[in-house]
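Read in order, the letters of the sequence shown are residues -35 to -1, 1 to 472 in mature numbering (1 follows the signal peptide of the UniProt record, and there is no 0). Glycine included, every Cβ here is placed at the ideal spot set by N, Cα and C.
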Amino acid sequence: MTLSQAQVTKPKFRNLPSRLALVAALSVMAPMTVAQTFNDTGNILARSAEVKDIEYQIMVQRATQTAIWGMPAVGMVDFIKATRRDLGGEINDVVYLKQPFDSKHGFLTPNDVTAYAWGSMTSEPGPLIVEVPAATDNVSYFGTIVDAWDVPIEDVGPAGADKGKGGKYLLLPPGYEGEKSKEDLEAEGYLVYETSTYQYGFSFRPRLYNGATDADAAEYAQQIKVYYLSDADNPPPTTYHEASQVPYDSLPYYNHTFFEDMNDYIQGNPIRPQDKVMVSMLKSLGIEKGKPFAPTDRQMAAMDDGLVLAYAAMQDFFVSPGKSTVPLWADDSGTLKSQWLVWDFAPGQAEAGFPYETAQEVLLDDRAGGSYFWITYLPKYLGGGTFYLTGLNDSDGDALDFNASYKLNVPKDTPAKDFWSVIVYSMETKGFIRDVERVGLSSRDAESMHINDDGSYDIYFGPTPPEGKAANWIPTTEDYFLLFRLYGPEEGWLQSGWVLPDLEKID
């Protein structure tokens, strides 16, 4: 039995409209009369008297808003839980792969070509060191250390702070007042960062050179070290877990576990000033700093109803062009040349390192539906190493149907110096579709795929493979979307006139 069947209660949103109707019905009131003067309340006293079950409605509303607010923190907690549940590991352990992810693994939009390394840490006992190995002739890292809100602290490797020389990234806990100042610690060679949370995570993607393999990446991962500054003179051994064959599942699930995760975040981290209003709302749901989380059946029901609306809001943000994504190819009049979309982060966030905060506000919707509903571990500084295209619709502009079959022609001149990749993701979970033969294909699979006479590839999507083309087929067993990645995109490719063809429906 798979992990999704045995250990996680997966949500089902096939009846989402009826669930939303139920939530809406809780708020039915008499029609409001538009006020004609500044002091005309439309008989607010009488109208408010018709509101039923006020306490429950407030709990539902607070569940919805705190779920959207807490989306990134929940995603980070799920890595801690997965390491404990699926590997018997603990916080501050390092997890790595000998082989890339496949359909048994649960991550938000990972790739299926890289032997990642990742981990979760805490500085609650004191300043924490993450030691990143120096780049070699065979392997280097591209990746980021983030805080408990998935806000980048620093990038690592040749594109990061250590410039490929390796480094000791020292994370100071909130309110650090140690014997040594930040400047003293920097003078000792540490890369020092003041943080606002106790918990952190990292995800490193290996880059391979000179014929290196995933086995080399796995050995390299075991050079990552995690320990406390107090142990720096004689660090204890770091514990490592290899997860290639383990159904490791760090996906957030929109059921009772979501608010359990939120409680774990609250208990494991200090309350930041910008979060106090939302933390106050959580009290009505049974979540309070320093107290056990034991919600009543009524609170559980309110959280469940609130999550439906929160999920619907984040899903709408994800699938609506102009919110999380925008068309990449359109003419000056706005006419689309292609249905492919590109990520559209909130203005100024990429330049600021993705804090999803400004001097005036916390960008709740952009942070949730625009990012952490479906991705994790954004880099602090965007580079040109990978370019992502999102596929939601076919050439007619219709949403992709998992019961239908489609063909994508990938031209020979696709502008990727390293390789290209296309992966199918579950529309419900934003992770891989489970229990399928493959989740994606790439130009690295050229030896096993059929290649057209003109050098292009036809990639097929659908519930069954086309006759004689199974090697070029990616199965679809539920609602899905695509990410098409260019690894090492050619310089100037966006101005070259090259356009990735749309998916053509073939039955």
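query: When the Cα of Q30 is compared with those of R332, W385 and S303, which residue comes out closest?
result: Checking every option, the nearest Cα to that of Q30 belongs to R332.
Range covered by the alpha helix (DSSP H) that runs through W34: First-last of the alpha helix (DSSP H) with W34: I19 to L52.
- request: Measure the C-alpha to C-alpha separation of P376 and A275 and round it to an integer number of angstroms.
  value: Going by the C-alpha atoms only, they are around 39 Å apart.
message: Going by beta-carbon coordinates alone, are T355 and F446 separated by less than 8 Å?
response: A contact, by the Cβ cut-off of 8 Å.
message: Quick check on this structure: which residue in N368, G108 and G271 has the alpha carbon closest to the alpha carbon of Y21?
response: Out of N368, G108 and G271, the CA that lies nearest to the CA of Y21 is found in G271.
Whether Y205 touches P98 by CB criterion (8 Å): Contact: no.
query: If you compare alpha carbons, which of S421, H415 and V121 is closest to A436?
result: Nearest to A436 by alpha-carbon distance, out of S421, H415 and V121, is H415.
query: By a C-beta neighbour count over all protein chains shown, 10 Å radius and 16 as the cutoff for buried, is D296 buried or exposed?
result: Exposed is the call here.
- prompt: In angstroms, rounded to a whole number, what distance separates the CA positions of D472 and Y371?
  reply: Per the coordinates, the alpha-carbon of D472 lies some 7 Å from the alpha-carbon of Y371.
- prompt: Taking the DSSP output, what are the residues bridged to T109?
  reply: Beta-bridge pairing links T109 to D120 and S168.
- request: With DSSP as the reference, please indicate the residues paired to D423 in a beta bridge.
  value: According to DSSP, which records beta bridges pairwise, D423 is partnered with N374.
query: Based on the DSSP secondary-structure assignment, which residues constitute the bridge partners of V104?
result: The partner list for V104 (beta bridge, DSSP) reads L173.
- request: Report the rounded CA-to-CA distance for L468 versus H70, giving the unit in angstroms.
  value: Cα-Cα distance, rounded: 26 Å.
Length of the line joining the Cα atoms of P123 and L135: Going from the Cα of P123 to the Cα of L135 covers about 18 Å.
field: C-alpha distance - A(-12) paired with I398, whole-angstrom precision
entry: At A(-12), the pLDDT of 49 sits below 50, so the modelled position is not reliable; the number obtained from the coordinates is stated separately. C-alpha separation (whole angstroms): 31 Å.
task: Quick one: using the 10 Å Cβ neighbour count with 16 as the cut-off for buried, is L291 buried or exposed?
output: With the sequence shown as reference, residue 291 is identified as Val, and Leu is not the correct amino acid for it. V291 should be labelled exposed.
message: I believe D43 touches P217 by the beta-carbon criterion, under 8 Å. Please report the beta-carbon distance rounded to the nearest angstrom.
response: Indeed they touch by this definition, with Cβ atoms about 5 Å apart.
query: Out of W438, S215, S285 and F107, which has the shortest C-alpha to C-alpha gap to D51?
result: The shortest C-alpha separation from D51 is found at S215.
- prompt: Where does D467 sit, in a helix, a strand or coil, going by DSSP?
  reply: Secondary structure of D467 (DSSP, three-state): coil.
message: Looking at the secondary structure, which residues open and close the alpha helix (DSSP H) in which D226 lies?
response: That run of the alpha helix (DSSP H) goes H221 to G233.
field: Straight-line Cα distance separating V39 from D226
entry: The straight-line gap from Cα to Cα measures roughly 5 Å.
task: Please go through the same chain and pick out, in chain order, the residues whose beta-carbon is closer than 7 Å to the beta-carbon of E151, but skip the five residues on each side of it.
output: Counting only Cβ-Cβ distances below 7 Å, and skipping sequence neighbours, we find V157.
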